[in-house]
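The block underneath contains the structure these notes are about, expressed in structure tokens.
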Ligand code: G4F
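Numbering (this note's numbering), first residue to last: -8 to 335.
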């Protein structure tokens, strides 16, 4: 019998890579999606279009316990990957209440419904390096204390603790992945890496003249999302549930990302990058770098992309996207205020 997996957030970057990975392993893959997404597949399913005929989607909202309960009452899942969240840190400062509501209650609803309907289902929670925030030690490990710096980070700490509590209180197989930044060609355009790679492509083609950014000195440990979804799956195959840091162990500044991305198209970032205070956060996470020794040993996991390869694939992908955009009907990609395009 094939294993049955449920992915929340299946339409996002990580969800789409994870769906592909689980399909390649012979899983029956199901996804929870909001009804608005089902009603607007062209816009909402750009990352999963190529696997739509091999997965099953169910309408539910993370804000509605009954809708989650309803889906879980109809299927018996072996594994549940809870990836859905409001995941843009900057947005969490603008609307902390929505972020808290979706991220904390959504996780609690998933856990409570599983406890009721499928307590044997293995549960993965997408924790985040943002939980370390103003990091108390470098590099960060599974034992580094949390000090979140945003409503998003706080909501992830709550989700982490809920997951651990369901493991300890009810004996459920619940694990936390503490994933550091993971990017790739499917990254949303609001995140800094994709903002840079997509704007580099536009500048190269004469469609933009500058790139406005906030803190260029922020340091992150950036890996490729394709590598990180493999770790999620490995965590649910263990004999005992546990929590793991997943990271490359290298950190680079936003400035370094810019330098490499512009160099990829033969340009010097200093000629195009403009500092814009608007993109500064009320409380910044200055520097993060993970130590994933435990994950590498126990899960036998290794990242396969270097930082340089990550930047290169993202820029090359956006050059291709731009070329396709020019040959497509105008409404298949939309422009927003800052001059970057977004997938519709
Ligand atoms: O790309 P970012 O928005 O990602 P951030 O805040 O590190 O969070 C991402 O990674 C976390 C860890 O895996 C996830 F939990 C989270 O959901 C998300 O995926 O910003 C990276 C850095 C920040 O320090 C930010 O201040 O880039 C800096 N930055 C500078 N200028 C900018 C900009 N970030 C954005 N988004 N836009 C800018 O113009």
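By construction, the Cβ of each residue, glycine as well, lies at the ideal position given by its N, Cα and C atoms.
With a cutoff of 6 Å, residue 121 counts as near ligand 1, since its C-beta is closer than that to a heavy atom of the ligand. For residue -5, the enclosing beta strand (DSSP E) starts and ends at -5 to -1.
Residue burial is scored here from C-beta neighbours: residue 134 has fewer than 16 other C-beta atoms within 10 angstroms and is therefore classed as exposed. The closest CA to that of residue 229, considering only 32, 28, 115 and 13, is found on 115.
Of the other Cβ atoms in all chains shown, fewer than 16 fall within 10 Å of the Cβ of residue 64; this residue is therefore exposed. At a cut-off of 6 Å, the beta-carbon of residue 266 does not count as near ligand 1: no heavy atom of the ligand is closer than that. The beta carbon of residue 287 sits closer than 7 Å to the beta carbons of 293 from its chain, once the five residues preceding and following it are set aside; these are given in chain order. The continuous stretches of beta strand (DSSP E) do not include residue 274, and DSSP gives it neither H nor E.
Closer than 6 Å to some heavy atom of ligand 1: that describes the Cβ of residue 272.
Beta-carbon to beta-carbon, residue 19 and residue -7 are separated by about 5 Å, close enough to satisfy the 8 Å threshold. Residue state for residue 140 is assigned as coil, using DSSP reduced to three classes.
For the set 303, 175 and 156, the Cα lying nearest the Cα of residue 167 is the one of 156.
Within the stretch 24 to 98, the runs of beta strand (DSSP E) at least 3 residues long that lie entirely inside it are, in chain order, 46 to 50 and 70 to 73.
Taking non-hydrogen atoms of ligand 1 into account, the C-beta of residue 205 is found less than 6 Å away from one of them.
C-alpha of residue 315 to C-alpha of residue 181: approximately 20 Å in a straight line.
Around residue 176, the same chain offers 304, 305 and 308 as residues with beta carbons nearer than 7 Å, after the five sequence neighbours per side are excluded.
Inter-residue distance for residue 191 and residue 130 is about 31 Å (C-alpha atoms, whole angstroms).
In this model, residue 31 and residue 59 are separated by some 20 Å (Cα to Cα). Taking residue 123 as the centre and dropping the five residues before and after it, the same chain places the C-beta of 131, 135, 137, 138 and 279 closer than 7 Å to its C-beta, in chain order.
Judged by DSSP in its simplified three-state form, residue 246 adopts helix.
Per DSSP, residue 117 is one residue of the beta strand (DSSP E) stretching across 113 to 119. Close CB contacts of residue 195 within its chain, under the 6 Å cut and outside five residues either way in sequence, are with 256 (chain order). Within its own chain, the residues whose Cβ lies closer than 6 Å to the Cβ of residue 170, once the five positions on either side in sequence are excluded, are 219 and 237, listed in chain order. Closer than 6 Å to some heavy atom of ligand 1: that describes the Cβ of residue 209. In this structure, DSSP gives residue 9 a helical state, which the three-state scheme calls helix. In the displayed model, residue 307 falls within a helix according to three-state DSSP. Looking at the DSSP output, residue 174 shares a beta bridge with 215. Residue 22 carries a strand assignment under DSSP once its states are collapsed to helix, strand and coil.
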